[in-house]
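To convert, take the position in the sequence shown, counting from 1, and add 28; that gives our numbering. Quick reminder that beta carbons are idealized off the backbone N, C-alpha and C, glycines included.
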Amino acid sequence: MSDETSALRESRGARLAALVERRWATVSVLIVVVFVAVAAFGGLHQAAMPQARVETISPTRLHLGGEFVETNLGSAVEPDGSVTVRAVGQQYSFTPQCMLVPTDTLITFRAASPDVIHGFLIEGTNVNAMLVPGYVSTISARFDKPGDHLMPCHEYCGVGHEGMWAKVKVIDKTEFLKMAESKPRLSCVE
Ligand code: CUA
């Protein structure tokens, strides 16, 4: 009799365990389904939307005139107090090699490539973009404290890719503005 009771209790326990397990399996499958649906919707929705702003530029005429001519590269103070940094990424270097920016200022990087796709990434920040020939890449950033940030090219661009990098040097805002008084374009290239 007691044997029968315990066997009964055991099977009831097993049934309950199976029920709970099945319920949790269902919940976890549903969670995965929801995640996949959200990712699919987000990806498709974004891919179907045109970019907010597309600026084109002739890659073959980049050096000959206009915004990305060599004398116009580097950091410039804008009338509104922000700073624009213009740069070119080419096989296998960035110009300027060292970009100088002030602290506590809205910085707008504008960069272009005359040859192939390069990466524009500033370590320690969320600046991460591609330089696609034919387009101007615009990325905003703000730096709280002085220091150096490495800028390795992170898009494979040819045999010299691994040696392609630049640096962003952040200096105190007042020091930067003082330097900007005497020079229209600043960089930290020696
Ligand atoms: Cu430029 Cu890799």
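| field | P180 vs L159 beta-carbon contact at 8 Å | value | Counting from one through the sequence shown, the residue named residue 180 turns up at place 152. Counting from one through the sequence shown, the residue named residue 159 turns up at place 131. Result no, Cβ atoms of P180 and L159 do not sit closer than 8 Å.
| task | Mind listing, in chain order, the continuous beta strand (DSSP E) runs of no fewer than 3 residues lying wholly within the segment 143 to 173? | result | 146 to 149, 156 to 159, 165 to 169
| Any heavy atom of the ligand CUA closer than 7 Å to the Cβ of G162? | If you number the sequence shown from 1, residue 162 lands on position 134. Not under cutoff, so the answer is no.
| message | Quick check on F63: buried or exposed, where buried means 16 or more other Cβ atoms within 10 Å of its Cβ? | response | As a working note, residue 63 is residue 35 in the sequence shown. The residue is exposed, with fewer than 16 neighbouring Cβ atoms inside 10 Å.
| task | Could you round the C-beta distance between K195 and D176 to whole angstroms and report it? I think they count as a contact, below 8 Å. | result | For the purposes of this step, residue 195 is taken as residue 167 along the sequence shown, with counting starting at 1. For the purposes of this step, residue 176 is taken as residue 148 along the sequence shown, with counting starting at 1. That belief holds up - the Cβ atoms of K195 and D176 are roughly 6 Å apart, short of 8 Å.
| Closest by C-alpha distance to I199, when choosing among P212, S165, M127 | By one-based count along the sequence shown, residue 199 stands at place 171. Among P212, S165, M127, the Cα nearest to that of I199 is on M127.
| field | Alpha-carbon spacing of A104 relative to S56, whole angstroms | value | Walking along the sequence shown from the start, residue 104 turns up at place 76. Walking along the sequence shown from the start, residue 56 turns up at place 28. Distance between the alpha carbons of A104 and S56: 54 Å.
| task | In the DSSP assignment, find the beta strand (DSSP E) that holds L128 and state where it starts and stops. | result | If you number the sequence shown from 1, residue 128 lands on position 100. 126 to 130 is the span of the beta strand (DSSP E), which, as asked, contains L128.
| Taking 7 Å as the cut-off, does the CB of H73 come closer than this to any heavy atom belonging to the ligand CUA? | Taking the sequence shown and counting its residues from 1, one reaches residue 73 at position 45. H73 Cβ: outside cutoff for every heavy atom of the ligand CUA.
| field | A140, buried or exposed, once every other Cβ within 10 Å from all chains shown has been counted against 16 | value | Here residue 140 refers to the residue found at position 112 of the sequence shown. Its Cβ being crowded by 16 or more others within 10 Å, A140 is buried.
| field | Contact check, P142 vs L90, beta carbons under 8 Å | value | In the sequence shown, counting from the first residue as 1, residue 142 sits at position 114. In the sequence shown, counting from the first residue as 1, residue 90 sits at position 62. Contact flag set, yes.
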